Amino acid sequence: MKDKVIDLSTIDKNFKVETTITEPDIVWFDVKNAPFAIHGVTYDSNQGLFIRMPQEIANKTNDGVAYLCKNTSGGRVRFRTNSKFLGIKVVYKAEPPYGHFSITGHRGFDIYKDIKNESVYCGSFIPPRPSPDGYSSSCELDGQMHDYTINFPLYNPVNELYIALKKDALLSEPSPYKDIAPILYYGSSITQGGCASKPGNSYQYMICRKTNVDFVNLGFSGSARAEDIMINYLCSLNPSIFVYDYDHNAPSAEHLEKTHMKLFRAFRHAHPTTPVIFMTAPGNLFTRRKDYYPRHDVIYNNYLTAKNEGDKNVYFVDGYTIFEGEFFSECTVDGVHPNDLGFSYMAKALLPIIKDILKI
0 MKDKVIDLST IDKNFKVETT ITEPDIVWFD VKNAPFAIHG VTYDSNQGLF
50 IRMPQEIANK TNDGVAYLCK NTSGGRVRFR TNSKFLGIKV VYKAEPPYGH
100 FSITGHRGFD IYKDIKNESV YCGSFIPPRP SPDGYSSSCE LDGQMHDYTI
150 NFPLYNPVNE LYIALKKDAL LSEPSPYKDI APILYYGSSI TQGGCASKPG
200 NSYQYMICRK TNVDFVNLGF SGSARAEDIM INYLCSLNPS IFVYDYDHNA
250 PSAEHLEKTH MKLFRAFRHA HPTTPVIFMT APGNLFTRRK DYYPRHDVIY
300 NNYLTAKNEG DKNVYFVDGY TIFEGEFFSE CTVDGVHPND LGFSYMAKAL
350 LPIIKDILKI
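Read in order, the letters of the sequence shown are residues 0 to 359 in numbering that gives the first Met the number 0.
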């Protein structure tokens, strides 16, 4: 006799995904309207969804960027409230599930509140299976006045997001981030957030919470190749810091050698003093790639060249050293993409440099 397959949520209520909102006396808000503040994405009214960069530029870059710019990694909505209840309703077309990626990181949301200069996790809005066109979810809050941040999915488009609060709750614009230009990240699937268990566990979100500095995530899974049009777009932005680590998306070490310094020189021409952090792929099982070390050397040598030319605003993070210590081999889901532990190590590697640069 075959074992009966049982829905775990019928045994353990903590695994139940509740998607029906029955809370009385609530009001729904569209996050595109004030006083909500949107960061990391903009709303493209032509397509009816949030995007990370202009679609017309993405379309001329490569097919991957044209598609992935609609994934909302780095997107956030911030606001201030004392509501004891918060619900969300998200409208999207669900991407197919990935075998090595939590559905909550892939196409879920999570929420943090600010308490005494700390940003603290409050809960996750977990998509049910299936949820092809979106879903609703909710959480209880403490009823005190706080700044809240809801993080968007890492690997899924979002067409609309609505937030429900108690009818008698106060709602106002959030406290602003520090008066510092956003940090700009350009890179691969790891940069995009694969494979954090929830959006807030991607390393850029961790750094944002520890610095209170805004950021823009231009990580494109398998598609960061530093084409001329992408270089021009990156140079058109005005970040406080530029972090780039696309080496593992370059088709070859030779391609990386042709484009990596080209990107740096173009960015440096546009931004003569903006700090630039060169970062190589995290080392672990990734080093099985025969060209891991040649790629690493291209980036390190470019960093040394910039230093030797007198550039005092370049920094280097050696990815090979990021995953260290007793649990170094437990930092990825597949030998390449970091899990939450791996992303925490990446945040720890970058955070001291970023704090030193920004003097915070």
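The beta-carbon is built from N, C-alpha and C at its ideal position, and this holds for glycine as well. All values reported here derive from a predicted model rather than from experimental measurement.
Would residue i pass as an interface residue toward chain C - the criterion being a Cβ-Cβ separation below 8 angstroms?
i	result
L153	Protein chain content of the structure displayed is limited to a single chain, and chain C is not contained in it.
Restricting to Cα atoms, I'd like to know which of the options is closest to residue i.
i	options	result
D167	L349, V26, S328 and T331	V26
T320	D310, I230 and L349	L349
N158	N312, S328 and G47	G47
N231	I37, I20 and A57	A57
A195	A280, P337 and D290	P337
H295	I276, N200 and L255	L255
A180	D290, C207 and L160	C207
S239	V212, P175, V64 and D310	V212
V40	P53, A33 and D29	P53
D174	V76, C121 and K92	Sequence inspection shows Ser at residue 174; the Asp mentioned does not correspond to that position. S174 has its Cα closest to that of V76, out of V76, C121 and K92.
D246	D132, M260 and R267	M260
R51	N61, N70 and I298	N70
E94	S82, I110, Y344 and S130	S130
L32	G98, S188, Y161 and L169	A small fix is needed here, since residue 32 is Asn in this sequence, not Leu. Of the candidates G98, S188, Y161 and L169, the one whose C-alpha sits nearest the C-alpha of N32 is Y161.
G361	N45, V335, Y344 and P23	With the chain represented from 0 up to 359, any question about residue 361 goes unanswered, as that position is not in the structure.
T80	Y147, P126, T19 and E22	Y147
F49	F214, V64 and G74	G74
E139	Y42, G122 and N150	G122
S251	F241, A223, V242 and I37	A223
I276	N45, V313, N300 and D317	V313
P156	Q191, I110, L183 and L67	L67
D317	D333, V215, Y292 and T304	Y292
V90	E172, Y97, I125 and S135	S135
F322	G309, E308, N300 and F342	F342
S82	K59, I298, S188 and D24	D24
E22	D290, L303, S137 and C330	S137
Could you tell me which residues DSSP pairs with residue i in its beta bridges?
i	result
N216	Y184
R75	H38 and N150
M278	V316
V26	L164
F49	Y42
H270	Answer by DSSP bridge pairing: none, since H270 is not bridged.
E139	F84
H145	T80
Mind reading off the beta-carbon distance from residue i to residue j? Whole number of angstroms is fine, and I expect it under 8 angstroms.
i	j	result
F35	F78	5 angstroms
L164	F84	7 angstroms
D244	G186	4 angstroms
C234	A265	5 angstroms
P198	G324	In fact, because the Cβ distance is near 26 angstroms, the residues do not count as touching under 8 angstroms.
S72	G218	6 angstroms
Y204	N150	6 angstroms
I20	G86	5 angstroms
D132	K92	7 angstroms
K354	T210	7 angstroms
N216	Y176	Not really, about 15 angstroms apart at Cβ, beyond 8 angstroms.
I360	P126	Limits of the chain in this structure are 0 at one end and 359 at the other, which puts residue 360 out of reach.
M278	V332	Their Cβ separation, rounded to whole angstroms, is 20 angstroms, which puts M278 and V332 out of contact at 8 angstroms.
A269	T258	Not really, about 16 angstroms apart at Cβ, beyond 8 angstroms.
I182	F214	4 angstroms
Using the beta-carbon count (16 or more within 10 Å), is residue i buried or exposed?
i	result
R128	exposed
V119	exposed
F362	Since the first residue shown for the chain is 0 and the last is 359, residue 362 is missing from the structure and cannot be characterised.
A225	buried
A346	buried
Q143	exposed
D29	exposed
L7	Low confidence applies here, because L7 scores a pLDDT of 46, under 50, leaving its location unreliable; read the following figure in that light. Classification for L7: exposed.
T272	exposed
S201	buried
K311	exposed
I359	exposed
K112	buried
L169	exposed
Y344	buried
D339	buried
L262	buried
G309	exposed
N301	buried
P96	exposed
_Secondary structure, alpha helix (DSSP H): runs of 4+ residues fully inside the stretch 288-337_ = 291-307
*Ignoring anything shorter than 3 residues or poking outside the stretch 192-257, list the beta strand (DSSP E) runs there in chain order.*
Those beta strand (DSSP E) runs which fall completely within the stretch 192-257 and span 3+ residues are 214-218 and 240-243.
_Runs of alpha helix (DSSP H) wholly within the stretch 58-134 (minimum 4 residues, chain order)_ = Fully enclosed alpha helix (DSSP H) runs of 4 or longer: 62-67 and 102-106.
*Residue ranges of each beta strand (DSSP E) run of no fewer than 3 residues wholly in the stretch 156-184, ordered along the chain?*
159-165
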